[in-house]
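See below for the structure under consideration.
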Amino acid sequence: MTRRPEPDPIARLPIIFEVGAHKVTVTLGANWSWSCTVDGAPVEGWFMTQVEAWEAGVHQADRLDRAADGQRGL
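Going by my numbering, the sequence shown opens with residue 15, and the numbers climb by one from there.
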């Protein structure tokens with residue numbers, strides 16, 4: 015079985031999305047899996063596509079907003 019080559023260094027640069035007041039960062043790992051952080055905190059797991067990682071980040075940002083709204087009594 016042949017192994018996939020390492021991703022190009024440019025492809026591995028983090029991509030940052032603004033989701034409301036949060037920053038969602040999506041990064042391609044050396045093993046061709048994607049990871050995600052929200053405001054610098056890692057989102058649990060790894061993802062097969064950039065879209066899956068982004069979606070997990072958006073869901074986490076939404077959970078953070080809902081938790082903050084609950085603390086404010088909204």
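All C-beta atoms in this analysis are idealised placements derived from N, C-alpha and C, irrespective of residue type, glycine included.
Enumerate in chain order the residues of its own chain whose CB-to-CB distance from residue i is below 7 Å, with the five nearest sequence positions on each side excluded.
i: D79; result: G34
Since residue i sits in a beta bridge, which residues does DSSP pair it with?
i: V52; result: V38, A55
i: V33; result: H36
Verify whether the separation of the beta carbon atoms of residue i and residue j is less than 8 Å.
i: V139; j: C50; result: Residue 139 lies beyond the residue range present for the chain, which begins at 15 and ends at 88; the question has no answer from this structure.
i: W46; j: P21; result: yes
i: V40; j: A75; result: no
i: W60; j: W68; result: no
Looking only at its own chain, which residues have a Cβ that is under 8 Å from the Cβ of residue i, when we skip the five neighbours before and after it?
i: A44; result: E20, P21, R26
i: R18; result: W46
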